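2 protein chains.
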Amino acid sequence: MKVMVLGADGYLGWPLALRMVAHGHEVSAADNFYTRKAVEEVGSWSAIPIPSMEERVKLVKEVFGADLVFKEGDLRDYSFISKFLEEQKPDAIIDFAEQRSAPYSQIDIDHAVFTMENNVIGTMNLLYAMKEHVPSAHLLKMGTLGEYGTPNVDIAEGHFEVEYHGRKDRLPFPRQAGSWYHWSKVHDSNNISFAVKIWGLTATDVHQGPVYGTRTDDMRDELLRTRFDFDEVWGTVLNRYCVEAVAGLPLTPYGEGGQTRGFISLEDSITALALLLEKPPEQGTMRVVNQYAESKSVMELAQMVKEAGDRLGLDVQIRPVPDPRVEAQRHYYNVERHVLPALGFYPKHNVRDEIPAMLTDLMKYRDRLVEKREAILLAGSKAGVEWRKTSSLLPRKAAARGFTQRSTT
Amino acid sequence: MKVMVLGADGYLGWPLALRMVAHGHEVSAADNFYTRKAVEEVGSWSAIPIPSMEERVKLVKEVFGADLVFKEGDLRDYSFISKFLEEQKPDAIIDFAEQRSAPYSQIDIDHAVFTMENNVIGTMNLLYAMKEHVPSAHLLKMGTLGEYGTPNVDIAEGHFEVEYHGRKDRLPFPRQAGSWYHWSKVHDSNNISFAVKIWGLTATDVHQGPVYGTRTDDMRDELLRTRFDFDEVWGTVLNRYCVEAVAGLPLTPYGEGGQTRGFISLEDSITALALLLEKPPEQGTMRVVNQYAESKSVMELAQMVKEAGDRLGLDVQIRPVPDPRVEAQRHYYNVERHVLPALGFYPKHNVRDEIPAMLTDLMKYRDRLVEKREAILLAGSKAGVEWRKTSSLLPRKAAARGFTQRSTT
Chain A
1 MKVMVLGADG YLGWPLALRM VAHGHEVSAA DNFYTRKAVE EVGSWSAIPI
51 PSMEERVKLV KEVFGADLVF KEGDLRDYSF ISKFLEEQKP DAIIDFAEQR
101 SAPYSQIDID HAVFTMENNV IGTMNLLYAM KEHVPSAHLL KMGTLGEYGT
151 PNVDIAEGHF EVEYHGRKDR LPFPRQAGSW YHWSKVHDSN NISFAVKIWG
201 LTATDVHQGP VYGTRTDDMR DELLRTRFDF DEVWGTVLNR YCVEAVAGLP
251 LTPYGEGGQT RGFISLEDSI TALALLLEKP PEQGTMRVVN QYAESKSVME
301 LAQMVKEAGD RLGLDVQIRP VPDPRVEAQR HYYNVERHVL PALGFYPKHN
351 VRDEIPAMLT DLMKYRDRLV EKREAILLAG SKAGVEWRKT SSLLPRKAAA
401 RGFTQRSTT
Chain B
410 MKVMVLGADG YLGWPLALRM VAHGHEVSAA DNFYTRKAVE EVGSWSAIPI
460 PSMEERVKLV KEVFGADLVF KEGDLRDYSF ISKFLEEQKP DAIIDFAEQR
510 SAPYSQIDID HAVFTMENNV IGTMNLLYAM KEHVPSAHLL KMGTLGEYGT
560 PNVDIAEGHF EVEYHGRKDR LPFPRQAGSW YHWSKVHDSN NISFAVKIWG
610 LTATDVHQGP VYGTRTDDMR DELLRTRFDF DEVWGTVLNR YCVEAVAGLP
660 LTPYGEGGQT RGFISLEDSI TALALLLEKP PEQGTMRVVN QYAESKSVME
710 LAQMVKEAGD RLGLDVQIRP VPDPRVEAQR HYYNVERHVL PALGFYPKHN
760 VRDEIPAMLT DLMKYRDRLV EKREAILLAG SKAGVEWRKT SSLLPRKAAA
810 RGFTQRSTT
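Respectively, the protein sequence lines represent chains A and B. Numbered according to the numbering used here, the first sequence spans residues 1 to 409. Numbered according to the numbering used here, the second sequence spans residues 410 to 818.
Next up, the structure:
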C-alpha cells in the first residue's frame with residue numbers, strides 16, 4: 001500500500017511513518033517543521049533529542065532498508081499538496097498536519113486565527129486535492145475526543161439514535177469543544193463529512209484521547225525516537241506530570257482534579273492507527289472512530305506518577321492549583337468504542353505499567369528538562385499572578401477572566 | 410441605543426440599517442462592497458438599481474434627518490474592526506458581513522477557501538475585537554436554518570433535551586449543512602458559543618430561513634431600496650422564480666420539488682431582527698433563534714408564482730429539471746420557534762400575498778432582467794451539458810458528479 005503521512009515530523013506522525021515502513025508499505029511524508037519552531041517560541045524543546053528529517057530519512061534506510069520520500073511543505077499551500085498527491089498517488093493519507101495545542105490556540109487573536117486557518121484551510125486544500133488527484137484514496141484524519149466535550153450522556157461514536165418529540169433519526173453526536181484548537185478540529189470533522197457526502201471521498205475520523213509514552217516498538221535505535229513535549233503549551237497532561245516528577249517539580253492538578261479523559265499509550269495509538277489504515281472503510285463512506293484505552297481523572301494520573309516516582313526515589317509532590325479553565329471539575333464520562341474492537345484491536349498497555357518506563361526513559365534526559373525549567377513551571381504558577389506577569393503568552397484580558405488551558409488532548 | 414451594522418450594503422444589511430435609523434438609534438455601518446463585485450463577477454447585477462453608499466448616507470440624512478456613520482472595511486482585517494469598535498462603542502452589533510451564497514462557495518477551491526476564510530476568520534476577529542473594546546455589547550449574528558439540514562425529527566431552537574442510554578442532557582442540536590457556505594455558518598455558530606462561554610460575551614444566533622421581497626416599509630423613497638439578486642449564484646429561490654416569471658423564462662424546480670424550507674418576507678425579517686436587537690438576551694448568554702414565517706416546498710412556490718404571474722398576464726411555465734444537488738427531494742421538515750413569539754413577534758406577511766407585489770415591483774425593471782438573461786438562464790440549463798460548457802463557474806469534477814446548488818437560504 002502507498003501511504004502518505006502529513007505532519008510526519010510530529011509526536012505521532014513520526015512513529016506512524018516508522019510503523020508503516022516496518023509493515024512494508026511505501027511511505028511518503030511531508031511536514032513544515034512548524035512544531036519545532038513553535039516549541040522554541042515558548043522557550044522549550046523536545047525532552048528526547050530528535051535528529052533532523054534528513055538524518056531520519058537516512059536512518060530509515062539503514063535500519064529498515066526502506067526509502068522514505070519526504071517533502072517539506074505546508075497544507076495551506078494548495079499547489080504543494082496538490083502536486084505531492086499527483087506525484088505520489090497514495091492509497092491512504094493520514095493527516096497530522098495541524099496545529100495541535102489547545103493552550104497555543106488560546107494565546108491571543110493571532111494564535112487563534114493561525115489555528116483556524118492552518119487547520120481548517122489546510123484540510124479544505126487537502127480535500128480538494130484528493131478529489132482532484134486521488135478521489136478513491138482513504139483519508140485518516142486525526143480528530144480528538146475533546147471535540148465532544150463532557151456531556152452528561154454516553155459519548156457516541158460519531159452518530160447516535162435519538163428520539164425527539166416522538167420521531168426518530170440517526171444524527172451526528174453534538175460537539176461541545178473547549179478551545180479554539182478543539183473547535184478547529186470540529187470544523188474539520190464537519191467539512192470532511194461534507195466532502196464524503198458530495199464527492200464520495202472515503203474517510204476515517206479518529207477521535208483520540210490524550211496520548212502518553214516515550215517510545216514504540218519500532219524505535220530499535222535511540223535515534224529513531226519521536227519528540228516528547230513537556231512545556232505548558234505543547235505537553236499533554238500525563239507526559240507533563242512525568243517530566244515534573246523527574247525535574248523535581250510538584251505535580252499540579254487543577255482544583256479537585258476530577259477532570260476525566262480517555263488516555264492511550266503511544267504504542268497502542270500507533271497500532272490502532274496502522275490497523276485503521278490497513279482496514280479502510282467502505283469506499284465513499286465516512287467512518288468515525290473513538291479511540292482510547294482507559295478513562296482516568298487527572299488526580300488519579302498524578303497519584304500514579306507520584307507512586308511510581310517515589311518508588312524510583314524521586315520524592316514527588318502533588319500540589320493542586322485553582323482550576324483556571326472553564327470546565328466541569330467532576331463530570332460523567334463514558335465514551336463508546338465499537339469500531340476498533342470490531343477490527344480486533346484491544347489496547348495492550350495501561351497507564352500504571354507505563355509510567356515507570358516513561359520516568360526511566362526521561363531520567364536519562366533530566367538535564368534537558370531542568371534547563372527548560374521555566375517552560376515547565378508555567379503550569380505550576382499559571383493560576384497565580386507571577387505567570388501572567390512573566391509570560392507574554394497569555395493575553396491580559398484572558399488572564400483577567402482566568403482562562404488558560406492545559407492541553408489534555 | 411448605538412447599533413453597528415456590519416455588511417450594511419447588502420440585501421438585509423441596508424434595510425436593517427434603515428429600520429434602526431427609523432427607530433431613532435445611532436447607527437454606524439461598514440461594508441467592503443464585496444457583494445457588488447461578486448455579483449458582477451458572475452455577470453449579473455441587482456434587479457433594482459441601488460445608489461452608491463455615499464448617496465445612501467446623504468439620502469438617510471435627507472429622509473430621516475439622521476447621521477449614518479459609514480466606514481469601508483473588511484472583517485478579515487483585525488485592525489479595521491478593532492478600531493471601528495473602539496471608536497463607536499456600539500451597544501449592539503449585527504453581523505451580515507459574510508459571503509452568503511451556497512453556490513458561490515461550491516464553485517471551486519478558491520471560492521470554498523474564500524468562504525471559510527472570510528466568514529470564519531472575520532467572525533474570530535469580530536469576537537476578539539468585541540472582547541477587547543465592547544465586552545458587554547450584544548452580537549446579533551445571521552445564521553441560517555440551513556445549518557440544521559433536514560433531519561427526520563423536529564428541528565430544535567439551538568438545543569434539545571435528549572435521553573441516550575438512560576441518561577439525559579440538554580445538547581446542541583446537531584448540524585448537517587449542505588454547502589461549504591452553510592458549514593462556514595455552523596463553524597461561526599460554534600465559535601460564537603465558545604466566546605460566550607469563556608469570555609462572557611452576549612450573543613444572539615439567528616437561524617433564518619430564505620428571505621423574499623423587494624421592499625420594507627422604511628423605503629419611503631425609491632432610491633432607498635435594497636439590492637435584489639436574481640442570478641443563479643446570488644439569488645434565492647422565490648426571488649429568482651419571480652424574476653424568471655417577469656423575464657419570460659420557465660420556473661425550474663429541481664426534481665419532484667418537494668424540498669421544503671421555512672420562508673420569511675423581507676419586512677418580517679427586518680422587524681424580527683430589530684426586535685431582537687432592541688430586546689437583547691441576558692448578559693453573558695447566547696440566545697439561539699429560529700426565524701421564519703411559513704414552510705413551503707419549492708414546487709408550491711413555483712405554483713404560486715405561476716398563478717400570480719398568469720393573473721398579471723405573464724404566461725408563466727414550470728419546467729422541472731433533474732435535481733443536481735445532493736439532498737432529499739421529499740423530507741420531514743418542522744422547525745421549532747419559541748423565542749420570537751415569546752417576544753411578541755408574529756409574521757404579518759405570507760408568500761401568496763407578497764408574490765403579486767414582488768412581480769409588480771420587478772416588472773418596472775424588466776429590461777434590466779432581460780439584459781442579464783444569461784445569468785438567470787444558468788439555472789434553467791444547469792443540469793444539462795450546455796451550462797457546464799459555457800460557464801467557468803462549475804469545476805469540471807463537481808459537474809461530473811452533478812453537484813451544484815441553488816441557494817435556498
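All residues carry an ideal CB built from backbone N, CA and C; glycine is no exception. Since we're looking at a predicted model, the values are computed, not measured.
Any C-beta of chain B under 8 Å from that of residue i
i        : result
A:Asn350 : no
A:Phe160 : yes
A:Val5   : no
A:Ala203 : no
A:Trp183 : yes
A:Glu386 : Caution is warranted here: a pLDDT of 28 is assigned to A:Glu386, below 50, making its placement in the model unreliable, and no coordinate value can be reported.
A:Tyr148 : no
A:Arg330 : no
A:Tyr78  : yes
A:Pro174 : yes
A:Thr409 : Interpretation of A:Thr409 is limited by its pLDDT of 41, a score under 50 that renders its predicted location unreliable; no figure is taken from the coordinates.
A:Met124 : yes
A:Lys417 : Only positions 1 to 409 of chain A appear in this structure, which leaves residue 417 of chain A out of reach.
A:Val164 : Note on residue identity: the sequence assigns Tyr, not Val, to residue 164 of chain A. Taking Cβ atoms only, chain B reaches closer than 8 Å to A:Tyr164, which makes this a yes.
Whole-angstrom distance between residue j and residue i, CA atom to CA atom
i        : j        : result
B:Leu682 : A:Ile155 : 36 Å
B:Ala538 : B:Gly657 : 48 Å
B:Glu526 : B:Ile516 : 15 Å
B:Trp608 : B:Glu541 : 10 Å
A:Val206 : A:Gly213 : 19 Å
A:Tyr34  : B:Thr769 : 60 Å
B:Ser453 : A:Met1   : 49 Å
A:Ala92  : A:Leu275 : 12 Å
A:Leu59  : A:Tyr365 : 22 Å
A:Gly262 : A:Arg337 : 11 Å
A:Val162 : B:Glu572 : 8 Å
B:Thr694 : B:Asp504 : 17 Å
A:Leu145 : A:Ser193 : 17 Å
A:Thr123 : A:Tyr78  : 10 Å
B:Pro619 : B:Thr680 : 15 Å
A:Ile376 : A:Leu126 : 35 Å
Whole-number beta carbon distance between residue j and residue i, since they are thought to touch under 8 Å
i        : j        : result
B:Gln585 : B:Gly552 : Wrong, their Cβ atoms sit about 14 Å apart, outside the cutoff.
A:Arg229 : A:Val39  : Per the sequence shown, the amino acid found at residue 229 of chain A is Asp instead of Arg. Yes, they are in contact, since the Cβ atoms of A:Asp229 and A:Val39 sit about 6 Å apart, within 8 Å.
A:Gln317 : A:Gly255 : The Cβ separation is near 17 Å, so there is no contact.
B:Val730 : B:Thr613 : Actually they are not in contact, since the Cβ atoms of B:Val730 and B:Thr613 sit about 38 Å apart, beyond 8 Å.
A:Leu251 : A:Glu244 : 5 Å
is_contact[residue i, chain A] using C-beta, thresh 8 Å
i        : result
B:Ile516 : no
B:Asn528 : no
B:Arg670 : no
B:His547 : no
B:Val744 : no
B:His596 : yes
B:Asn561 : yes
B:Pro750 : no
B:Met410 : no
B:Leu580 : yes
B:Tyr621 : no
B:Asn648 : no
B:Met539 : no
B:Gly542 : Position check: residue 542 of chain B holds His in this sequence, whereas Gly was assumed. It does not; no Cβ of chain A falls within 8 Å.
Enumerated in chain order, which unbroken segments of the beta strand (DSSP E) with a length of 3 residues or greater are wholly contained in the stretch 704-743 of chain B? none
Proximal residues, the stretch 189-200 of chain A versus chain B, C-beta separation under 9 Å: Asn190, Asn191, Ser193, Phe194, Lys197, Ile198, Trp199 and Gly200
What residues in the stretch 686-720 of chain B have a beta carbon less than 8 Å from any beta carbon of chain A? none
Runs of 4 residues minimum, wholly inside the stretch 558-616 of chain B: which ones carry the alpha helix (DSSP H) assignment? Counting only unbroken stretches of 4 or more residues, the alpha helix (DSSP H) elements lying wholly within the stretch 558-616 of chain B are 589-608, in sequence order.
Could you run through the stretch 85-113 of chain A and flag, in chain order, every residue whose CB is less than 7 Å away from some CB of chain B? Those residues of the stretch 85-113 of chain A that come within reach of chain B (Cβ to Cβ, closer than 7 Å) are Ile109, Ala112 and Val113.
If we require 4 or more residues per run, which alpha helix (DSSP H) segments fall completely within the stretch 606-671 of chain B? 646-656
Could I get the ranges of all uninterrupted alpha helix (DSSP H) runs contained in the stretch 83-162 of chain A, with 4 residues as the minimum, in chain order? 102-106, 109-116 and 122-133
Name the residues in the stretch 632-645 of chain B whose C-beta lies less than 9 Å from a C-beta of chain A; which are they? Taking 9 Å as the upper bound on Cβ-Cβ separation, chain A lies near no residue of the stretch 632-645 of chain B.
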